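Residue numbers (our numbering): 57 to 289. We put the beta carbon where it would ideally sit given N, CA and C, even for glycine. From a predicted model like this one, the values you see are computed outputs, not experimental measurements.
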């Protein structure tokens, strides 16, 4: 067994062949500049393309990487939670696997967590490279969600985050956990902050969420989560 890493980076992938190697290469380049050891957990969420092959190539090239293969497509929420729970690091990083998050923002998010001023540091895609409709719907959804759940973030959907490993204990399987993680963390009493981060256009593959996934599902899930959090308090 290798020494316990200081950092664990969790990246869920679903049919992201072509995006994986460039993204991990940049992540390794950034993490290698930090003074601590690390691991990268590549979660293959039942992909049907060459994602598994590309993950294997990453493990061969960078021994810091290891794979977590889901038996079928269980969804981003499950892939993220399983990856976080399998992480061995003291501080955990997470990001999307589509190449739109930028690993160069890791130090920005790690700094307040390392300093002990925050338990979770979240990215805010201030200059988003998405369609006008997606940006408008996201802005409205964040406004409504903040009022209903009380996390009051500009961008709850940004998957670029850093957190203390103790935070994982408060998480539970839930639909769209990847977007509601900040609300759950705040309800559990952890300290959360938000920082402007880079956001890149998607250059390969297709977005996994349509209009129904961007509005109807999150709205229904939001009220289910509010009831669950109230029952736990």
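Check                                                                                                                   : Outcome
Alpha-carbon spacing of residue 113 relative to residue 235, whole angstroms                                            : 30 Å
At least 3 beta-carbon pairs within less than 8 Å: the stretch 195-208 vs the stretch 152-165                           : no
C-alpha distance - residue 111 paired with residue 85, whole-angstrom precision                                         : 17 Å
Paired residues, beta bridge with residue 251 - DSSP                                                                    : 179
Element boundaries [beta strand (DSSP E), containing residue 228]                                                       : Looking at the DSSP string, residue 228 is not in any beta strand (DSSP E), and its letter there is neither H nor E.
Option in 232, 226, 162, 193 with minimal Cα separation from residue 218                                                : 162
Cutoff 7 Å; reference residue 183; Cβ partners in own chain excluding five residues on either side                      : 255
Distance between residue 60 and residue 145 (C-alpha atoms, nearest Å)                                                  : 6 Å
Inter-residue Cα distance where the pair is residue 244 and residue 126                                                 : 28 Å
Inter-residue Cα distance where the pair is residue 272 and residue 230                                                 : 16 Å
Residue 90, DSSP secondary structure in three states                                                                    : coil
Pairwise C-alpha distance: residue 128 and residue 223                                                                  : 27 Å
When 278, 208, 132, 76 are compared against residue 108, the one with the closest alpha-carbon                          : 76
Length at least 3, wholly inside the stretch 91-170: the beta strand (DSSP E) runs in chain order                       : 94-100, 121-125, 147-150
Residues that DSSP places opposite residue 281 in a beta bridge                                                         : Note: residue 281 sits in no beta bridge, so no partner.
Residue 68 - containing beta strand (DSSP E), residue span                                                              : 63-69
Residue from 200, 257, 249 with nearest C-alpha to residue 279                                                          : 200
Per DSSP, the bridge partner or partners of residue 218                                                                 : 149, 177
Terminal residues of the alpha helix (DSSP H) in which residue 236 lies                                                 : 233-243
Euclidean distance between Cα positions of residue 170 and residue 226                                                  : 20 Å
Close-in-space but distant-in-sequence residues of the same chain around residue 181 (CB under 6 Å, 5 per side omitted) : 211, 214, 255
Option nearest residue 37 by Cα separation, candidates 120, 285, 97                                                     : Outside the displayed range of the chain (57 to 289) lies residue 37, so it cannot be described from this structure.
Any non-hydrogen atom of the ligand ADP within 7 Å of residue 213 CB                                                    : Only the bare structure without any ligand can be found here, which leaves the ligand ADP out of the picture.
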